[in-house]
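Peer 1:
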Amino acid sequence: TLLVTAATLLPVSGYAQTVGFSQIGSESGWRAAETAVTKEDAKQEGITLKFADAQQKQENQIKALRGFIAQGVDAIFLAPVVATGWDEVLGEAKDADIPVILLDRKVDAPDDLYMTAVTSDTVHEGKVAGEWLKDAVDGKPCNIVELQGTTGASVTIDRKKGFADAIDGASNLKIIRSQTGDFTRAQGKIVMESFLKAEDGGKDICALYAHNDDMALGAIQAIKEAGLKPGKDIKIVSIDSVPDMHLAIAHGESNATVELTPDMAGPAFKALKAYWKDGTMPPKWIQTKSTLYTQDSDNMAAYDRKKDLGY
Ligand code: GYE
Numbered sequence: 003t004l005l006v007t008a009a010t011l012l013p014v015s016g017y018a019q020t021v022g023f024s025q026i027g028s029e030s031g032w033r034a035a036e037t038a039v040t041k042e043d044a045k046q047e048g049i050t051l052k053f054a055d056a057q058q059k060q061e062n063q064i065k066a067l068r069g070f071i072a073q074g075v076d077a078i079f080l081a082p083v084v085a086t087g088w089d090e091v092l093g094e095a096k097d098a099d100i101p102v103i104l105l106d107r108k109v110d111a112p113d114d115l116y117m118t119a120v121t122s123d124t125v126h127e128g129k130v131a132g133e134w135l136k137d138a139v140d141g142k143p144c145n146i147v148e149l150q151g152t153t154g155a156s157v158t159i160d161r162k163k164g165f166a167d168a169i170d171g172a173s174n175l176k177i178i179r180s181q182t183g184d185f186t187r188a189q190g191k192i193v194m195e196s197f198l199k200a201e202d203g204g205k206d207i208c209a210l211y212a213h214n215d216d217m218a219l220g221a222i223q224a225i226k227e228a229g230l231k232p233g234k235d236i237k238i239v240s241i242d243s244v245p246d247m248h249l250a251i252a253h254g255e256s257n258a259t260v261e262l263t264p265d266m267a268g269p270a271f272k273a274l275k276a277y278w279k280d281g282t283m284p285p286k287w288i289q290t291k292s293t294l295y296t297q298d299s300d301n302m303a304a305y306d307r308k309k310d311l312g313y
């Protein structure tokens with residue numbers, strides 16, 4: 003009925019809306035920044051944010067979502083660690099009339115189970131990385147090692163595919179090893195060490211593609227310890243554009259990174275406010291920008307800008 007609609011849509015003035023945010027964890031600098039920015043955005047908007055850190059586990063995210071539903075929050079933000087296995091709990095949120103907005107990763111679930119997804123074009127990011135490398139090697143033969151993100155995450159699947167598509171048909175480029183480093187610096191280093199060991203101390207490796215900067219930063223450490231020069235002996239391209247990566251690029255120890263904003267919550271709050279005001283539904287995908295930085299870019303300016311953002 004109209005009455006019910008008005009009650010669900012229009013916040014009574016002076017009544018603070020509450021949003022529950024199920025965050026994956028803090029595996030990367032990018033994610034820590036996303037958490038910080040989301041908390042700040044909520045403050046700016048006068049929205050109460052209930053924050054739950056899932057320590058990388060989907061079961062913890064499902065528990066958090068059920069908790070938010072039981073508490074009767076006005077909306078839920080979900081950064082889904084993996085793509086599958088969400089139908090049931092998203093159905094429960096839907097039955098409780100609580101809109102869910104996905105942040106930074108997508109789910110394999112019918113799209114009526116969530117209001118919108120705020121993400122960058124993660125296939126495109128992989129493509130940009132692959133095209134950068136294709137240009138950089140300029141037809142020369144190049145053996146590539148790949149550090150994948152968390153297994154089963156939409157971003158991992160997409161960034162792998164985008165990169166593979168970009169180098170498809172370039173017979174000089176070959177991915178010789180590909181393994182997950184779980185989006186962390188520590189795992190990036192460990193897996194790169196095993197790649198180096200397996201490939202004659204790294205002599206047969208021409209380039210590294212890492213699905214995020216943190217893994218690349220760990221790998222840089224491993225490459226140095228193996229007595230090679232990261233960014234020179236082994237070209238490096240990754241994704242996120244965290245401050246430490248801008249420093250590494252400025253120092254010639256890495257070559258390129260694709261930037262995505264950690265402010266996924268900004269567009270999400272905007273969509274929610276429009277919905278609460280008059281029922282406006284956002285599109286199913288709100289796309290944020292991706293930009294390539296290389297050694298020719300002003301990396302120190304980017305570094306300073308990020309520090310201002312509170313990275
Ligand atoms: O690139 C990576 C993080 O889902 C877009 O997750 C996000 C990715 C980000 O751990 O650093």
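For the sequence shown, the residue numbers in the working numbering are 3 to 313.
A virtual CB, placed ideally from N, CA and C, is assigned to each residue, including glycine.
#1: Is it buried or exposed, A379, if we count other Cβ atoms within 10 angstroms and call 16 or more buried?
#2: Does the contact criterion of 3 or more C-beta pairs under 8 Å hold for the segment 159-171 versus the segment 187-196?
#3: Tell me whether W32, by its Cβ, gets closer than 6 Å to a heavy atom of the ligand GYE.
#4: E148 bridges to which residues according to DSSP?
#5: How many Å lie between I78 and T153 at the Cα?
#6: Would H253 be called buried (16 or more neighbouring beta carbons within 10 Å of its own) or exposed?
#7: Exposed or buried, T314, counting other C-beta atoms within 10 Å across all chains shown (16 or more means buried)?
#8: Apart from the five residues just before and just after W287, which ones in its own chain have a Cβ nearer than 6 Å to its Cβ?
#9: Given the structure, does F53 come close to the ligand GYE, in the sense that its CB is under 6 Å from one of the ligand's heavy atoms?
#10: Nearest CA to the CA of V239: which residue from L230, A228 and D216?
#11: Output the distance between the C-alpha atoms of Q19 and W278, rounded to the nearest integer angstrom.
#12: What does the Cβ neighbour count give for E227, buried or exposed, with the cut at 16 atoms within 10 Å?
#13: By Cβ distance, which residues of its chain are closer than 6 Å to A54, with the 5 residues on each side in sequence left out?
#14: Can you give me the Cβ contacts of L311 inside the same chain, cut-off strictly under 6 Å, excluding the 5 residues immediately before and after it?
#15: Tell me where the alpha helix (DSSP H) around K52 begins and ends.
#16: Just to confirm before moving on: does the CB-CB distance between K2 and N214 stay below 7 Å?
#17: Along the chain, where does the beta strand (DSSP E) that runs through K237 open and close?
#18: A95 to S122, Cα distance in whole Å?
#19: Leaving out five residues before and five after V75 in sequence, what residues of the same chain have Cβ atoms less than 7 Å from its Cβ?
#20: Using the Cβ count rule (16 or more neighbours within 10 Å means buried), how would you classify K191?
Peer 2: Let me spell this out:
#1: Since the displayed the chain opens at 3 and closes at 313, residue 379 lies outside it and no answer follows.
#2: no
#3: yes
#4: As DSSP reads the structure, E148 sits in a beta bridge with S180 and Y211.
#5: 24 Å
#6: exposed
#7: Residue 314 cannot be examined here, being either before or after the span of the chain that is shown, 3 to 313.
#8: Counting only Cβ-Cβ distances below 6 Å, and skipping sequence neighbours, we find A119.
#9: no
#10: Taking only the C-alpha atoms, the option nearest V239 is D216.
#11: 10 Å
#12: exposed
#13: S24 and A66
#14: none
#15: Looking at the DSSP string, K52 is not in any alpha helix (DSSP H); the run it does join, the beta strand (DSSP E), is T50 to D55.
#16: In this structure the chain extends from 3 to 313, so residue 2 is not present and cannot be described.
#17: K237 to D242
#18: 25 Å
#19: Spatial neighbours of V75 in its own chain (CB-CB distance under 7 Å, excluding positions within 5 residues in sequence) are listed in chain order as T20, V21, G22, K52 and I100.
#20: buried
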